[in-house]
Amino acid sequence: MEKQSKIFIAGHRGLVGSAICRELPQQGFNTLLLRTRAELDLTNRAQVHAFFAQEQPEYVFLAAAKVGGILANNTYPADFIRENLEIQTNIIEASQAAGVKRLLFLGSSCIYPKLCPQPIKEEYLLTGPLESTNRPYALAKIAGIEMCWAYNRQYGTKYLAAMPTNLYGPGDNYDLKSSHVLPALIRKVVEAKASGAQELVVWGTGTPRRELLYSDDLAEACVFLMQLPEEKFNSLLREDQAPLINIGTGEDVTIRELAETVCRVLGFEGKLVFDTSRPDGTPRKLMDVTRIQSLGWKAHTSLEDGIRRAYEAAREQLDAATVWPAGRI
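Per the working numbering, residue 246 is the first one in the sequence shown, and the count goes up by one each step.
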């Protein structure tokens, strides 16, 4: 990418998109094309094509998606598969029509089989059954990977799919009905402190393992990939394999260890109670990050530091009904 290149960040207000919007200017990229949902409905094919035809973006970060945790995926499965298919189909199709030079499609580690060998290599895609609690979302993202691959083969496009591990950071979703595990834990700990509770209830057994990546680290990785020299970028777009690359830390913790870390960082000294009537989800999702590390990128934000930074950002983000404790950590 040239510093003056026109760059479209789809989903710029979300967790991933907002991080990319922070990272690009830091590296001197300032010609960013940004549209809110009110300005551009990405599920509307006509609107998307009209936008691309008028603005002619050269590079696209496809970070727009309908996302959520176990409860949200179980409650709105039709919404998750329909909206994600619509968004990614419209943008990939319009990108090809407009001659976009490179596109980075953001997915999720849930595309891999539920009982995948660990750590998860890119070639494990479609080698086993998916986790049932988020299968509609996962299938939509798999379709996006396949679409990037198909467009590369048929049209000679340069579309790469990046699969990050579990994310957290500024701009995260703290709604307990639809959030992922870490923001949910942060909110629960904050509210437990504010109410003087002596216990904190955590869903599941606490034994599943999760890898957590700070969103600004992901954004750095995304910009790194989009700036790869032609030869290295093309090496990720082979005809005989999906144009897929994992992004993560290469390390994981149990849900119990994660809850304990949040409690320690935020200063909650009460007892953890695990509600085993609630689902655990996938037993383990540790990404093999050999491919991206071999290109020269590695995550650098520690879990404790990331939790502190996410908490500070969330103090101003959460609903006014949430009572935050006085003072700062």
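Even glycine gets a Cβ: it sits at the ideal position worked out from N, Cα and C. If you're wondering where the values come from, they're calculated on a predicted model, not measured in any experiment.
Measure how close the beta-carbons of leucine 228 and leucine 470 come, nearest whole angstrom, since I'm counting them as under 8 Å. In this structure the chain extends from 246 to 574, so residue 228 is not present and cannot be described.
Got a sec: is the Cβ-Cβ distance from threonine 281 to anything in chain B below 7 Å? No chain B appears in this structure, which consists of one protein chain only.
Below 7 Å CB to CB, which residues in the same chain sit around glutamate 256 once its five sequence neighbours on both sides are set aside? As a working note, residue 256 is residue 11 in the sequence shown. Glutamate is not the amino acid found at residue 256; the sequence shown has glycine there. Taken in chain order, the residues that qualify are Gly262, Ala308, Ala309, Ala310.
Can the beta-carbon of tyrosine 304 be found closer than 7 Å to that of methionine 246? Here the question's residue 304 lines up with position 59 in the sequence shown. Here the question's residue 246 lines up with position 1 in the sequence shown. Yes, they are a contact pair.
Rounded to the nearest angstrom, what separates leucine 427 and threonine 288 at their Cα positions? What you label residue 427 is simply residue 182 of the sequence shown in a count that begins at 1. What you label residue 288 is simply residue 43 of the sequence shown in a count that begins at 1. Between leucine 427 and threonine 288, the C-alpha separation is close to 29 Å.
If we require 4 or more residues per run, which alpha helix (DSSP H) segments fall completely within the region 270-305? 290-300
Own chain partners of lysine 433 with C-beta closer than 7 Å, once the 5 adjacent residues on each side are dropped: Counted from its first residue, the sequence shown places residue 433 at position 188. Closer than 7 Å at the Cβ level, and outside the excluded window around lysine 433, lie Leu445.
Nearest by alpha-carbon distance to serine 423: which of Phe306, Asn319, Gln538 is it? Position 178 of the sequence shown holds residue 423. The shortest Cα separation from serine 423 among Phe306, Asn319, Gln538 belongs to Asn319.
Where do the N-terminal and C-terminal ends of the beta strand (DSSP E) with tyrosine 382 fall, by residue? Taking the first residue of the sequence shown as position 1, residue 382 is located at position 137. It is not in any beta strand (DSSP E) - tyrosine 382 instead sits in the alpha helix (DSSP H) that spans 380-400.
Would DSSP call lysine 403 helix, strand or coil? Taking the first residue of the sequence shown as 1, we reach residue 403 at position 158. Coil at lysine 403, not helix or strand.
Using 8 Å for Cβ pairs, my map puts valine 435 next to leucine 511. What's the rounded Cβ distance? Stepping through the sequence shown from its first residue, residue 435 is reached at position 190. Stepping through the sequence shown from its first residue, residue 511 is reached at position 266. Indeed they touch by this definition, with Cβ atoms about 7 Å apart.
Own chain, CB closer than 6 Å to phenylalanine 350, minus 5 neighbours either side, in chain order: For the purposes of this step, residue 350 is taken as the residue at position 105 of the sequence shown. Within the same chain, phenylalanine 350 has close Cβ partners Leu307, Gly389, Cys393, Ala406.
Backbone secondary structure at isoleucine 254 - three-state DSSP: Residue numbering aside, residue 254 sits at position 9 when the sequence shown is read from its first letter. Isoleucine 254 falls in the strand class under three-state DSSP.
For the region 531-541 against the region 356-369, are there 3 or more C-beta pairs whose distance is under 8 Å? yes
Pop quiz: leucine 458 and proline 409 are said to be a contact at Cβ under 8 Å. What is the actual Cβ separation, rounded to whole angstroms? For the purposes of this step, residue 458 is identified with residue 213 of the sequence shown, where counting begins at 1. For the purposes of this step, residue 409 is identified with residue 164 of the sequence shown, where counting begins at 1. Right, the Cβ-Cβ distance comes to about 6 Å (below 8 Å), so this counts as a contact.
Does the separation of the CB atoms of threonine 450 and threonine 521 fall below 7 Å? On the sequence shown, position 205 is the one that residue 450 refers to. On the sequence shown, position 276 is the one that residue 521 refers to. In contact: threonine 450 and threonine 521 (Cβ atoms closer than 7 Å).
Any chance the region 290-298 sits against the region 334-341, with 3 or more Cβ pairs inside 8 Å? yes
Classify valine 468 as helix, strand or coil using the three-state DSSP reduction. Working through the sequence shown from its first residue, we reach residue 468 at position 223. In the structure shown, valine 468 sits in a helix (DSSP, three-state: H, G or I).
Identify whether glutamate 367 lies in helix, strand or coil by the three-state DSSP scheme. Here residue 367 refers to the residue found at position 122 of the sequence shown. Helix, per DSSP.
Under three-state DSSP, which class holds threonine 499? Here the question's residue 499 lines up with position 254 in the sequence shown. Of the three classes helix, strand and coil, the one that applies to threonine 499 here is strand, per DSSP.
Would you grab the beta carbon distance between isoleucine 356 and isoleucine 387 for me? Rounded to a whole angstrom, and I think it's under 8 Å. In the sequence shown, counting from the first residue as 1, residue 356 sits at position 111. In the sequence shown, counting from the first residue as 1, residue 387 sits at position 142. With a Cβ gap of about 5 Å, isoleucine 356 and isoleucine 387 count as contacting.
Between the C-alpha atoms of asparagine 282 and isoleucine 254, what's the straight-line distance to the nearest angstrom? As a position in the sequence shown, residue 282 is number 37, starting the count at 1. As a position in the sequence shown, residue 254 is number 9, starting the count at 1. It should be pointed out that residue 282 corresponds to arginine in this sequence rather than to asparagine. C-alpha separation (whole angstroms): 12 Å.
Per DSSP, what are the beta-bridge partners of phenylalanine 350 in this structure? Counting from one through the sequence shown, the residue named residue 350 turns up at place 105. According to DSSP, which records beta bridges pairwise, phenylalanine 350 is partnered with Leu307, Ala406.
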